[in-house]
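One structure is given here, and the rest of the page talks about it.
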């Protein structure tokens, strides 16, 4: 079964450093997403991406965050200057465009980001 | 504010028993409602997706119901197995496009014991 692949599985970084989280969505999917889950809390939407541009973003997704699809397979989330409160599990997801509303959303296994 | 509330927060049941998890939502407009299973440290895995016109949908031992009038959903698990131990998350898609953000509940932590 097709999977969304995320790397690395765990990233430790110092406060103020830049990090790039990488994702390989399912090949025939057209919509890409980043969500995050702070330990013990619910999953929160960050951003959706379609046709090489951001479709929607939440208030969490401020100027410190950016997304990019540098080639035909990768989808990245960059945090420019990490803060302690950025520590969370970051999930990438992708979905295919469909006529009806049974959109298949496939999540990756996540990258656990720890900012120290 | 669009919200998804789940109950109970946690549940412990004996292997082989059935259980029902509840979800109430205030998301509007409503597109579809999903139930996900999330193992610790893993990404959510979809169990069911229902539109507002569907009342029930099954996936093996999982049966989800939806009452779009009262904005309530339930997930019933029959003949529970140890591997069912996980968080079960109710997720609602707001808006009329299938690609709008998902609104997650906090989940119900289910523990199945022998």
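Protein chains in written order, with the working numbering: chain A, 147 to 262; chain B, 3 to 116.
Don't be surprised by glycine CBs; every beta carbon is placed ideally from N, CA and C.
A quick note: this is a predicted structure, and the numbers were derived from the prediction, not measured.
| Asked | Found |
| --- | --- |
| Bounding residues of the beta strand (DSSP E) (the contiguous stretch that carries residue 150(A)) | That residue, residue 150(A), is in no beta strand (DSSP E); it is neither H nor E in DSSP. |
| Extent of the continuous beta strand (DSSP E) to which residue 7(B) belongs | 6-9 |
| The region 193-214 of chain A: positions lying closer than 8 Å to chain B by Cβ | 194, 196, 201, 202, 204 |
| Distance CB(residue 49(B))-CB(residue 39(B)) smaller than 7 Å | yes |
| Residues in the region 48-80 of chain B having any Cβ partner in chain A nearer than 7 Å | 48, 51, 53 |
| Same chain, Cβ closer than 6 Å to residue 9(B), neighbours up to 5 away in sequence not counted | 24 |
| Contact with chain B by residue 191(A), beta-carbon distance below 7 Å | yes |
| For residue 3(B), the nearest candidate out of 105(B), 110(B), 12(B), 115(B) (CA to CA) | 105(B) |
| Neighbourhood of residue 166(A) by C-beta distance below 6 Å, restricted to the same chain and skipping five residues each side | 222, 224 |
| Contacting positions in the region 15-30 of chain B - beta carbon closer than 7 Å to chain A | none |
| N-terminal and C-terminal residue of the beta strand (DSSP E) that residue 26(B) is part of | 21-27 |
| Residue 158(A) versus 230(A), 213(A), 255(A), residue with shortest Cα-Cα distance | 230(A) |
| Cβ neighbours of residue 15(B) in the same chain (closer than 8 Å, five flanking residues each side left out) | 21, 82, 112, 113, 114, 115 |
| Chain A contact for residue 106(B) (CB, 7 Å cutoff) | yes |
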